[in-house]
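Enquirer: Sharing a structure here in C-alpha cells format.
There are 4 protein chains.
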Amino acid sequence: MIAQKKNNEKYEAILNAAVKVIGQAGYHNAPISKIAREAGVADGTVYLYFKNKEDILISILRETIGTIVDRLDEELQGMDDPIASLKRLVTVYFETLGTNPDVAMFTQVHLRQSNAEMRKQIGEIIKPYYTIIDSVIAKGIAAQIFTERLDLRITRRMIFGTMDETITAWVLTGAKYDLLSLIPQVCDVMIGGLAGHSSQK
Amino acid sequence: MIAQKKNNEKYEAILNAAVKVIGQAGYHNAPISKIAREAGVADGTVYLYFKNKEDILISILRETIGTIVDRLDEELQGMDDPIASLKRLVTVYFETLGTNPDVAMFTQVHLRQSNAEMRKQIGEIIKPYYTIIDSVIAKGIAAQIFTERLDLRITRRMIFGTMDETITAWVLTGAKYDLLSLIPQVCDVMIGGLAGHSSQK
Amino acid sequence: MIAQKKNNEKYEAILNAAVKVIGQAGYHNAPISKIAREAGVADGTVYLYFKNKEDILISILRETIGTIVDRLDEELQGMDDPIASLKRLVTVYFETLGTNPDVAMFTQVHLRQSNAEMRKQIGEIIKPYYTIIDSVIAKGIAAQIFTERLDLRITRRMIFGTMDETITAWVLTGAKYDLLSLIPQVCDVMIGGLAGHSSQK
Amino acid sequence: MIAQKKNNEKYEAILNAAVKVIGQAGYHNAPISKIAREAGVADGTVYLYFKNKEDILISILRETIGTIVDRLDEELQGMDDPIASLKRLVTVYFETLGTNPDVAMFTQVHLRQSNAEMRKQIGEIIKPYYTIIDSVIAKGIAAQIFTERLDLRITRRMIFGTMDETITAWVLTGAKYDLLSLIPQVCDVMIGGLAGHSSQK
DNA sequence: AATGAATGAGGCTTCATTCAT
DNA sequence: AATGAATGAAGCCTCATTCAT
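Chains as they are written, first to last, in UniProt numbering: chain H, 1 to 201; chain L, 1 to 201; chain F, 1 to 201; chain V, 1 to 201.
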C-alpha cells in the first residue's frame, strides 16, 4: 500500500521538504500542500509514501536518531576511555544537528508539537540513544572516573538536557555561531559540574 | 477593549481552565469553546480578557514564571551560600511545577507548540529566571565554590536543561512519583557533574 | 453542543435545503457546501445543528416517518374496518410523499445510499411504520376479512414493497401524474392479489 | 480502446471482484484499487475493460439481469400455466440472488447508490425483466386466472416490489435463512393478496 | 460586561483516472 | 495488453474570531 520507501528519491524529497518546511514554519503551520510543493510532487503523492502527516514527523525523527545511533554504535565500540566516549556522544549529536539547522529546528522545537499518541512513538525511537548514554555513564563508573554515587536516570537527564538546551538555544537564536566549538565546554560542565575539578586540560 | 485583567475572577477562571484543558488535551486540541466551558463563561467572554488564543498561552507562562521569580527574588535576597541558593532555585521550580501536573504538562510540553512569534515572547518572559540562575552561578564563582572556569551561558543551560529534562520525564510518565524527592540528587549532579566530588552530604 | 433543534428556523432551513439538494443531486453529489448555500447559511453553521452529514439524512427520515406515523396513529385509532384502515395506510403514505417529490426522491432513492451503520439506524426509524402495517394486517385477519393463512412478514413486505415500488416509479419518471389517483388500484391489488376477487366497489 | 470484453478472463475477474468488494463494502467504499487488487490486476487494467467506475456497476447489473432474463425466456417459453409461470418468475429471481449474497447485496442495496444518469441506464437494463413480468400477467388474464380488472403497471410493481422487499430484508438481516423456502408464501400473497382465496395448495 | 450563534477559511485525506514505461 | 506511480480535484469537518443582542 505504501510505496517502497527506501532508495526512492521521492521519499527522500518529501522528507527533506518536510524538514525544511516544518523547521521553518512549525508543524502546525506546515500544510501538506506546502510540503508537497517544496518536494515538487502533488499533494496526493505524499500519501503514497507516508500514512499521514504524523508519519512524516515520526519518519524524520527515526532517520535522524537512526543516523546518530548508528554512528555512535560504531564509534563507541571498543572505546575504553569514558571521557572520550562522552565527547564522542556529544560530538556526534552536535555534528548531526549543528550542520543542519533545519533538522535541529525540527528536532529541538517542532517535534515537541505532538500529541500523547505520538510522544509514545517518539519515546520509543529515542530510547536507543538513551541506552547509549546510559552505557557511557556505566563505563565511566566502572572505570572509577565517574562517581558511583550517580543516579543513572538523573545523570542521563543532565547529559541530555544540557545538550538539548544548548542546541535549542543555538538554533533559536539563529544558528549564528559555531555549535561545535562549544563541545569542550559542554563536556567540561557535564563532567565537572558547577564545582568542577574536571580533567579537562 | 480588553477588560481589566488583574483582580478579576473571570480572568483567573479562564487562565486556570486553560491550564487544565491545554495541559490535558494539548494546545491544538484545546478549542476556545472548551476552555470557555471549563471556565464557566461564554466563548466571546474569553476575548474580553485575552487578545487571542496565543495571548492565553503567553499569559499562563507569565503568571507561572512570575510566581517563581517573585518567590526566588525574595528568598535568595541576602542568602550567601551558593549551594543553598542553587537548592532554592531548583526547589522553587520543582515545587511550582511538581505540585501541579497540569501546569507542568503545560509548561514542559504544550508550551513548545508555538510559532516563531510566540517563542520570542516566551524568551522575554523566561529571561528574568535566567538572570536569577546567572546570579546564583556568579555568586558561587565569587565565593570560589563554583569553578571560575565556567562558561556562564553553557552552565546556565546545564542547570536549566537538567531541570527541564527531569520535570518533562516526570510529567510525561504520568507524574507518578514524588518530583521533590529528586531535588538532592539533581543538585548533586549539577554541582559535581559526572566526576562528582560534590559537597553534598 | 448541538444547538436547540426544534423551533429553530435554521434547523428547518437546513433540513429543507438538504431534502431539495439531495433529492435532486443524490447524497454523494450533495456537498455540505451546496446544502448550506441553499439554506442560506455558512458551511460551518450546518454543524451547529447536525453532528455530521449522515445525521442530516437520518434526521430527514425521522421527521418524514415521524409525520406519517403520527398521522396514522391518530387516524387509525378506533377505526374498525381493516380495508378502510389499509386505505388510510396507503393514502397517508402517498400523500406525504406524493405532494413533495423532493421528499419522495429522497426517501425512495437517495436514502438507499447509506452504509451498514446508517441502515441500522434507518431500520430503527422505520420500525414504527412497520408495526402499524402489522397491526392493520392483524386487524384484517381478526375480522376474517384477510385470510389467516397470511405470513405476517411476507405480507408486510408485499404491502410495503408495492407502495415503495409505485412511488419510486412515479418519482423516477418525473412525478408527472397524480400519485394519489393510483390509491384505489394499489389497494385493490394488495387486497385481491392477482387472482383478485377483492371487495373493491 | 476498450479491450475485448467477452470471453476474457480478466473481464470476468474484475466483475466478480467488483461484486464482492462492492457487495461487502458499498459502492462508495469500494475504491477501484481495492477491486483491482481483489481481481489480481493493476488499477490501470480496469480501465482497459471498463470505461469508468459506473460502467462496472452497469455491467454487473447487465450480466445479472441478463442471466435471469435468458433463463426465464427459455423456461417460460411454451409454458401455459400462469401460476406456474409466476412461480418460475419468482424462483429464478430468488435463485439467482438467493444463492449469492454478494450479488444480492449489490443489486438490492448498493446499486441504488447511483445518480440520475445511471438510473436511466439501469431502467433500460431492467426493462426486459419487466416485459417478462408483464407477459406473465397477460397470460394469466387471458387464461382468466388473474382478474382482468388488473392495472398492468401497478400489478407489475406489486410483483416486483414484493420480491424486491423480500430479498432486501433477507440480505440486510444477514442472509441467515433460506430465501428459497419463502417462494411458496411469496407467490401465495401475490396471487391471493390480503383477501386471499388463492389456488395454492 | 457578557453572551453564543454564526461565520468561512483552511487542513487532511481519498480516490477516480491518466500515462509513461 | 498491462502496469502502478502520480495526479489534483473535491469533500468533510474544525475552530478562532466576530458581532448583534
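Using N, Cα and C, we set each Cβ at its ideal position, and we do this for glycine too. Just so we're clear, the structure is a prediction, and the values are computed from it rather than from any experiment.
#1: Does F/L150 have its Cβ less than 8 Å from a Cβ in chain V?
#2: Using the Cβ count rule (16 or more neighbours within 10 Å means buried), how would you classify V/T162?
#3: Would a C-beta distance cut-off of 8 Å place L/A134 and L/L152 closer than the cut-off?
#4: Three-state secondary structure (DSSP) at V/N52?
#5: If you draw a straight line from the alpha carbon of F/T45 to that of L/V103, how long is it in whole angstroms?
#6: Using three-state DSSP, classify H/Y177 as helix, strand or coil.
#7: What residue ranges within the region 80-151 of chain V form continuous alpha helix (DSSP H) runs of no fewer than 4 residues, ordered along the chain?
#8: Got a sec: which bits of the region 151-167 of chain L sit with their beta carbon under 7 Å from any beta carbon on chain H, in order along the chain?
#9: Please state whether DSSP places H/G78 in a helix, a strand or coil.
#10: Closest to F/T96 by C-alpha separation, out of F/R71, F/G174 and F/A116, would be which residue?
#11: Starting from H/Y11, trace the alpha helix (DSSP H) in both directions and tell me its first and last residue.
#12: Taking the C-alpha atoms as reference points, what is the distance between V/K20 and V/D178?
#13: Hey, how far is the Cα of H/K53 from the Cα of L/I65?
#14: Cα separation between L/G98 and L/I183?
#15: Could you work out which residue in F/N115, F/A13, F/A116 and F/A142 is closest to F/I60 when comparing CA atoms only?
#16: Nearest by alpha-carbon distance to V/I141: which of F/G193, F/A169 and F/V186 is it?
#17: Enumerate in chain order the residues of its own chain whose CB-to-CB distance from H/N7 is below 7 Å, with the five nearest sequence positions on each side excluded.
#18: Nearest to V/I68 by CA position, among V/N16, V/K120 and V/F94, is which residue?
#19: Taking the Cβ atom as the reference point for each residue, do F/S85 and F/K120 lie within a distance shorter than 8 Å?
#20: Would a C-beta distance cut-off of 8 Å place F/E165 and V/F146 closer than the cut-off?
#21: Using 10 angstroms around the beta-carbon of L/S198, count the other beta-carbons present and answer buried if the total reaches 16, otherwise exposed.
#22: Buried or exposed for F/D188, please, with buried defined as at least 16 other CB atoms from any protein chain shown within 10 angstroms of its CB.
#23: Under a CB-based cut-off of 8 Å, is L/I56 close to chain H?
#24: Quick check on DSSP: helix, strand or coil for H/G40?
#25: With a threshold of 16 other CB atoms inside 10 Å of the CB of H/A30, please say whether the residue is buried or exposed.
#26: If you draw a straight line from the C-alpha of F/E74 to the C-alpha of F/I132, how long is it?
#27: Could you tell me the boundaries of the alpha helix (DSSP H) in which H/P31 lies?
#28: Buried or exposed for V/G123, going by 16 or more other Cβ atoms inside 10 Å?
#29: Within 10 angstroms of the Cβ of H/K87, are there 16 or more other Cβ atoms? Answer buried if so, exposed if not.
#30: In the structure shown, what three-state DSSP assignment does F/A169 receive?
#31: Counting only Cβ-Cβ distances shorter than 8 Å, please list the residues of the region 105-139 of chain V near chain F, keeping chain order.
#32: Under three-state DSSP, which class holds V/G66?
#33: Give the straight-line distance between the Cα atoms of V/I191 and V/V136, rounded to the nearest whole angstrom.
#34: Would V/F50 count as contacting chain F if we go by Cβ distances under 8 Å?
#35: From H/V41 to L/K51, what distance separates their C-alpha atoms?
Expert: Here's the rundown:
#1: Looking up residue 150 of chain F in the third sequence gives position 150. Yes, because at least one Cβ of chain V sits closer than 8 Å to the Cβ of F/L150.
#2: Within the fourth sequence, the letter at position 162 stands for residue 162 of chain V. Flag for V/T162 reads buried.
#3: Here residue 134 of chain L refers to the residue found at position 134 of the second sequence. Here residue 152 of chain L refers to the residue found at position 152 of the second sequence. Note on identity: in this sequence residue 134 of chain L is Asp, with Ala being the wrong assignment. In this structure, L/L152 lies closer than 8 Å to L/D134 by Cβ.
#4: In the fourth sequence, counting from the first residue as 1, residue 52 of chain V sits at position 52. Residue state, collapsed to three classes: coil.
#5: As a working note, residue 45 of chain F is residue 45 in the third sequence. As a working note, residue 103 of chain L is residue 103 in the second sequence. Approximately 35 Å between the Cα atoms of the pair.
#6: Taking the first sequence and counting its residues from 1, one reaches residue 177 of chain H at position 177. Coil.
#7: 82-98, 101-108 and 116-142
#8: D151, I154, T155, R157, M158, F160, G161, T162, D164, E165 and T166
#9: In the first sequence, residue 78 of chain H corresponds to position 78, counting from 1. DSSP places H/G78 in coil when its eight states are reduced to three.
#10: As a first step, residue 96 of chain F is located in the third sequence; it is residue number 96 there, counting from the start. Answer by Cα proximity: F/R71.
#11: Start at 1 with the first residue of the first sequence, and residue 11 of chain H comes out as number 11. H/Y11 -> alpha helix (DSSP H) spans E9 to A25.
#12: Here residue 20 of chain V corresponds to residue number 20 of the fourth sequence, with the count starting at 1. Here residue 178 of chain V corresponds to residue number 178 of the fourth sequence, with the count starting at 1. Distance between the alpha carbons of V/K20 and V/D178 is about 20 Å.
#13: Within the first sequence, residue 53 of chain H is the residue found at index 53, counting from 1. Within the second sequence, residue 65 of chain L is the residue found at index 65, counting from 1. Each residue's Cα considered, the two are about 34 Å apart.
#14: By one-based count along the second sequence, residue 98 of chain L stands at place 98. By one-based count along the second sequence, residue 183 of chain L stands at place 183. In a straight line, the C-alpha of L/G98 is about 11 Å away from that of L/I183.
#15: For this step, residue 60 of chain F is matched to residue 60 along the third sequence. Taking only the C-alpha atoms, the option nearest F/I60 is F/A13.
#16: What you label residue 141 of chain V is simply residue 141 of the fourth sequence in a count that begins at 1. Nearest option by C-alpha distance: F/G193.
#17: Here the question's residue 7 of chain H lines up with position 7 in the first sequence. With a pLDDT of 46 at H/N7, under the threshold of 50, the modelled position of that residue is not reliable, and the figure given next carries that caveat. So no residue of the chain qualifies.
#18: Taking the first residue of the fourth sequence as position 1, residue 68 of chain V is located at position 68. It is V/F94.
#19: Residue 85 of chain F sits at position 85 when you count from the first residue of the third sequence. Residue 120 of chain F sits at position 120 when you count from the first residue of the third sequence. Result no, Cβ atoms of F/S85 and F/K120 do not sit closer than 8 Å.
#20: Residue numbering aside, residue 165 of chain F sits at position 165 when the third sequence is read from its first letter. Residue numbering aside, residue 146 of chain V sits at position 146 when the fourth sequence is read from its first letter. No; because the gap between Cβ atoms is not below 8 Å, this pair is not in contact.
#21: Against the second sequence, residue 198 of chain L aligns to sequence position 198. For L/S198, the predicted structure reports a pLDDT of 49, less than 50, and the residue's modelled location is therefore unreliable. The matter cannot be settled from this model.
#22: For the purposes of this step, residue 188 of chain F is taken as the residue at position 188 of the third sequence. Buried is the call here.
#23: One-based indexing of the second sequence puts residue 56 of chain L at position 56. Cβ-Cβ to chain H under 8 Å: no for L/I56.
#24: Numbered from its first residue, the first sequence carries residue 40 of chain H at position 40. If DSSP states are grouped into helix, strand and coil, H/G40 belongs with coil.
#25: Along the first sequence, read from residue 1 onward, the residue named residue 30 of chain H stands at position 30. Buried: at least 16 other Cβ atoms inside 10 Å.
#26: Sequence index remark: in the third sequence, residue 74 of chain F carries index 74 (1-based). Sequence index remark: in the third sequence, residue 132 of chain F carries index 132 (1-based). Approximately 11 Å, taken between the alpha carbons.
#27: Along the first sequence, one-based indexing puts residue 31 of chain H at 31. Careful: H/P31 lies outside any alpha helix (DSSP H) and carries neither H nor E.
#28: By 1-based counting over the fourth sequence, the position of residue 123 of chain V is 123. With fewer than 16 Cβ atoms within 10 Å of its Cβ, V/G123 is classed as exposed.
#29: On the first sequence, residue 87 of chain H is found 87 positions in, with the first residue counted as 1. With 16 or more other Cβ atoms within 10 Å, it is buried.
#30: Position 169 of the third sequence, counted from the first residue, corresponds to residue 169 of chain F. Residue state, collapsed to three classes: helix.
#31: V109, R112, Q113, S114, N115, A116, R119, G123 and I137
#32: Counted from its first residue, the fourth sequence places residue 66 of chain V at position 66. Correct three-state label for V/G66: helix.
#33: For the purposes of this step, residue 191 of chain V is taken as the residue at position 191 of the fourth sequence. For the purposes of this step, residue 136 of chain V is taken as the residue at position 136 of the fourth sequence. If you take the alpha carbons of V/I191 and V/V136, they lie about 12 Å apart.
#34: Within the fourth sequence, residue 50 of chain V is the residue found at index 50, counting from 1. It does not: the Cβ of V/F50 has no partner Cβ on chain F nearer than 8 Å.
#35: Within the first sequence, numbered from 1, the residue matching residue 41 of chain H stands at position 41. Within the second sequence, numbered from 1, the residue matching residue 51 of chain L stands at position 51. Their Cα atoms are separated by approximately 38 Å.
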